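Reviewing the structure listed below.
There are 2 protein chains.
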Amino acid sequence: MTDQAAPPRSKNRLNDSEDDVLARIEAFRRRRPRLIDEFVTLAHGAGGKASAALVDAVFFEAFGSPTPSDPGDAAVLEVPAGRLAFTTDSYVVNPIRFPGGSIGDLAVNGTVNDLAVTGAVPRWITAAFVIEEGLSIDVLREVAADMRRAADAAGVAIVAGDTKVVPRGAADKVFITTAGVGVIPEGRELGARLVEPGDAILVSGPIGSHGMAVMLARGTLAIDAPVVSDSRAVSALVEAMMDAAPGTRWMRDATRGGLGTVLNELVQAAGLGVIVDDDAVPVEPAARGACDMLGIDPLYVANEGMFAAIVPVAQADAALAALRSLPGGAQAARIGEVVASPSDIVAVRNAFGGTRIVDMLVGDPLPRIC
Amino acid sequence: MTDQAAPPRSKNRLNDSEDDVLARIEAFRRRRPRLIDEFVTLAHGAGGKASAALVDAVFFEAFGSPTPSDPGDAAVLEVPAGRLAFTTDSYVVNPIRFPGGSIGDLAVNGTVNDLAVTGAVPRWITAAFVIEEGLSIDVLREVAADMRRAADAAGVAIVAGDTKVVPRGAADKVFITTAGVGVIPEGRELGARLVEPGDAILVSGPIGSHGMAVMLARGTLAIDAPVVSDSRAVSALVEAMMDAAPGTRWMRDATRGGLGTVLNELVQAAGLGVIVDDDAVPVEPAARGACDMLGIDPLYVANEGMFAAIVPVAQADAALAALRSLPGGAQAARIGEVVASPSDIVAVRNAFGGTRIVDMLVGDPLPRIC
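Protein chains in written order, with this note's numbering: chain A, 58 to 427; chain B, 58 to 427.
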């Protein structure tokens, strides 16, 4: 098997003198590969020259290369002693571009927001791409530019990444998985276990816009409503609220499953109940109209730029004022209260005194919205 | 749009007395959803009840839930002050199971190894799944079990995750993206800039087995060779080598693009050259045979359980002895040396004195091998 008399396997094999070798190798110098393709091919995922060219031309170009002289596999972070938050999410939204955003900013904002609602200050992000063969490289460049803009807006650095390419039909355009690390300020404690009866429930902004914007962008419904995704980093909102309401008990961004589902997760974890005033929950008129037409409860629609928070009643007004002073927080609202009984239940009260119970989302009215 | 006289949108709406409400809500208690499905559906990715059931029954079951009372979006890590390594990789291997491993252990080992060769002690992993609708839940359970076994073997905890489901045909079975964080011991410095002419090139084990094992497992070639993937965490090997050879300059796991490509990355980053002795590079006989039959140079075949290292000559024997004493390191070998000139070149010398230049991989002889 190791017979050296076998035919040469490489066209580069040279049985020449050392001088000949030295002469020929000049041709290999200064050979940093350049991207000349218009569409992604399997070679771009093979880890060789084409991969390097794609990463250089698209991702390093957009994100910057933290250590251009030594592009290793892992980024090195300088951290203080203490607690970090660490999270990940995959993004498979279809279509990849929609009013108010794209899979690129969503992939950054979603992970930034998961860190922020844990009480962390988001700092570093990784991005891994699974690309379908044949995707336009211009589309990829736009997605990468969206990611850079979102990262800059959120104050995070994209420090490491990966690119895989699968054959046509083995994926749908592009999936992005981001992971994030944030630093939790000393002394900050949050958790469902800290929530108490009487606490106020706040939301940082209107619900329902993201899921409906993506749904309508598919163009399969004969509805033409100006619904715009709320894709946005909430980290600045979180920090402003924590300053104004340091007793904040719990936060959660209401993504898949919507506000209704995250409040259910809260009551189950806390062993308490919540009562929400339907009229107090902000919903953009266009999003509400689209929900009404499709028979979808906005409480179950995914959001990507708002969060729910539980704060002590005494700090609720200060929290709201802080949220409302910032972009993305103008419609922040107090939507209800935590109760001891009935426990484990999300009850929604309307203006006529009727009450409905909102369970966790069952089924999936809106697949692939994030 | 907010007219409360509109027909009720939820079947749970109750316009009854509070007592009636209280009576009915008993039915909602103790309602932690249980997984009763055999195949993954879109609802398992919607973030609602089915998602919770899938995560409980498959992922929490396999990985353990770090904070079962409060399953938030981000894990909280206690870290010392200093440097962390942070990395990510997506795994799209086809088939998802092959001799010696599966997409599950690969997704853990690959990210563990990226951290280890940065000089970090791997500690925490996240795992994000993009699942094709219709995948058997038993298959997913097996993949999760493989991940847990690999994580335990590597001494890392899987601390956070995500599950997305895409419609049939929008992905191929399952893609897994892991991200990892490791702690870099104080004072440890590695990098291509530290490499010097005369340094020894080591490999921790044989090359070529992983890529060929996956290729043959597809069954599209009429070759029946006992090639087994080397999927394995190298973190223990790295630590043993760093103890024995504290002057180690640089390490890299030779995954996509193979040993030939990572050595090219090294010479480009260091501005030096390397000369490799072809006969000294360990290749399992079955893997070499398969490479010969397919006309593939083992230097370009992906590995998932070995790494290349540059060490000072004076520490090379100690490093080799340390590697050879551990599982996965028995075939560790010294395969060549770093040279000042010709620079930027990976030259491979055979037993007859012939020399070939091994460039970075061009094209992709083996798509979707990791």
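Each residue gets a CB set at the ideal place from its N, CA and C atoms; glycine is no exception.
As the structure is a prediction and not an experimental result, all values here were calculated from the model.
Item                                                                                                                              : Value
Minimum Cβ-Cβ distance from residue 228 of chain B to chain A less than 7 Å                                                       : yes
Test: residue 86 of chain B CB closer than 7 Å to a CB of chain A                                                                 : Caution applies to residue 86 of chain B, whose pLDDT of 47 falls short of 50 and renders its modelled position unreliable; the value that the coordinates give is listed next. Closer than 7 Å to some Cβ of chain A, the Cβ of residue 86 of chain B qualifies, so yes.
Uninterrupted alpha helix (DSSP H) stretches inside the region 348–392 of chain B (no shorter than 4 residues)                    : 370–381
Proximal residues, the region 136–149 of chain A versus chain B, C-beta separation under 9 Å                                      : 136, 137, 138, 139, 140, 141, 142, 143, 144, 145, 146, 147, 148, 149
Nearest-angstrom Cα separation, counted from residue 343 of chain B out to residue 276 of chain B                                 : 16 Å
Any 3 or more C-beta pairs closer than 8 Å across the region 262–274 of chain A and the region 232–252 of chain A                 : no
Simplified DSSP state of residue 394 of chain B, which is helix, strand or coil                                                   : strand
Buried versus exposed, by CB contacts within 10 Å (16 or more), residue 409 of chain B                                            : exposed
Contact set for residue 176 of chain A: own chain, Cβ-Cβ below 6 Å, skip 5 residues either direction                              : 241, 245, 247
Residue 168 of chain B versus B/288, B/161, B/145, B/154, residue with shortest Cα-Cα distance                                    : B/145
Residue of A/221, A/163, A/180 minimising C-alpha distance to residue 136 of chain A                                              : A/180
Residue closest to residue 264 of chain B, alpha-carbon to alpha-carbon, out of B/318, B/111, B/404                               : B/318
Spatial neighbours of residue 387 of chain B in its chain, beta-carbon cut-off 7 Å, leaving aside the 5 residues before and after : 381
contact_flag[the region 93–106 of chain B, the region 185–199 of chain B] where n(CB pairs < 8 Å) is 3 or more                    : yes
One or two residues paired with residue 308 of chain B in a DSSP bridge                                                           : B/366
6 Å CB neighbourhood of residue 230 of chain A in its chain, flanking five on each side removed                                   : 153, 189, 192
Backbone CA spacing between residue 196 of chain B and residue 204 of chain A [nearest angstrom]                                  : 34 Å
Where the beta strand (DSSP E) through residue 333 of chain A begins and ends                                                     : 330–334
For residue 359 of chain A and residue 320 of chain A, believed in contact at Cβ under 8 Å, the rounded distance                  : Residue 320 of chain A to residue 359 of chain A, Cβ: 14 Å. No contact.
Reduced DSSP category for residue 422 of chain A - H, G, I as helix; E, B as strand; rest coil                                    : coil
Cβ neighbour criterion (16 or more within 10 Å) applied to residue 414 of chain A                                                 : buried
Euclidean distance between Cα positions of residue 165 of chain B and residue 142 of chain B                                      : 15 Å
Boundaries of the alpha helix (DSSP H) in which residue 106 of chain B is found, first to last residue                            : 106–111
Between the CA atoms of residue 132 of chain B and residue 116 of chain A - distance to the nearest angstrom                      : 27 Å
Whether residue 391 of chain B touches residue 294 of chain B by CB criterion (7 Å)                                               : no
Closest Cα partner of residue 354 of chain A within the set A/417, A/108, A/384, A/250                                            : A/417
C-beta atoms of residue 284 of chain B and residue 401 of chain B nearer than 7 Å                                                 : no
Collapsed DSSP secondary structure at residue 268 of chain B in the structure displayed                                           : helix
Sufficient close CB pairs (3 or more, under 8 Å) joining the region 201–219 of chain B to the region 332–352 of chain B           : no
Extent of the continuous alpha helix (DSSP H) run through residue 292 of chain A                                                  : 292–301
Cβ-based neighbour list, residue 156 of chain B, same chain, cut-off 6 Å, excluding 5 preceding and 5 following                   : 270, 285
Cα-Cα separation between residue 92 of chain B and residue 375 of chain A, rounded to whole angstroms                             : 43 Å
Outcome for residue 384 of chain A when other beta-carbon atoms lying within 10 angstroms are tallied against a minimum of 16     : exposed
Proximity test, Cβ basis, 7 Å: residue 363 of chain B and chain A                                                                 : no
Bridge-paired residues (DSSP) for residue 222 of chain B                                                                          : B/188
Buried versus exposed call for residue 398 of chain A [16 or more other C-beta atoms within 10 Å across all chains shown]         : exposed
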